[in-house]
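Visitor: Below you'll find the structure I mean.
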Amino acid sequence: FNVPNPTKLNAVNLGRLQVAIEAGKIVKGATITADSLVEAGVLRRAKDGVRILAKGELKEKLDFEVAGVSKAAQEAIEKLGGKIAILAKPAPSAEPAADDA
1 FNVPNPTKLN
11 AVNLGRLQVA
21 IEAGKIVKGA
31 TITADSLVEA
41 GVLRRAKDGV
51 RILAKGELKE
61 KLDFEVAGVS
71 KAAQEAIEKL
81 GGKIAILAKP
91 APSAEPAADD
101 A
């Protein structure tokens, strides 16, 4: 069985976010969203959302509005005082009804 419309998420590691902070692409204490990561040059396109993974080390407090986060990444973010908001999945787009008239 294959899912007809799978959700395509960008995976971003904590270490990659720390490198972007040190390079000045992400402001310390900012709220991280898919759009802010695209603007910072961390991602090429937003796809259906972002999932944060725990590889690497994050040293700065950040707040997140993302589609998902791994358990280890969640613990690391909350340990630094950051907040995580998991966004609701987007509703599938309805096909417009064809008029026979």
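Here the numbering used here is used: position 87 in the sequence shown is 87, and no number is missing along the way. We put the beta carbon where it would ideally sit given N, CA and C, even for glycine. Nothing here was measured: the structure is a model prediction, and the numbers come from that model.
Is it right to say residue 80 is buried, meaning 16 or more other beta carbons lie within 10 angstroms of its own, or is it exposed?
Guide: Here residue 80 is taken as the residue at index 80 of the sequence shown, counted from 1. That one is exposed.
Visitor: With a threshold of 8 Å, are at least 3 pairs of Cβ atoms found where one atom belongs to the segment 40–48 and the other to the segment 69–80?
Guide: no
Visitor: Report the three-state DSSP secondary structure of residue 3 (helix, strand or coil).
Guide: In the sequence shown, residue 3 corresponds to position 3, counting from 1. Residue 3 falls in the coil class under three-state DSSP.
Visitor: Could you tell me which residues DSSP pairs with residue 31 in its beta bridges?
Guide: Within the sequence shown, numbered from 1, the residue matching residue 31 stands at position 31. Bridge partners of residue 31: 63.
Visitor: May I ask which residues mark the beginning and end of the alpha helix (DSSP H) holding residue 77?
Guide: The sequence position of residue 77 within the sequence shown is 77, counting from 1. Segment 71–79, the alpha helix (DSSP H) holding residue 77.
Visitor: Report the residue from 29, 52, 86, 85 whose alpha carbon sits nearest the alpha carbon of residue 62.
Guide: Within the sequence shown, residue 62 is the residue found at index 62, counting from 1. For the residues 29, 52, 86, 85, the minimum Cα distance to residue 62 belongs to 29.
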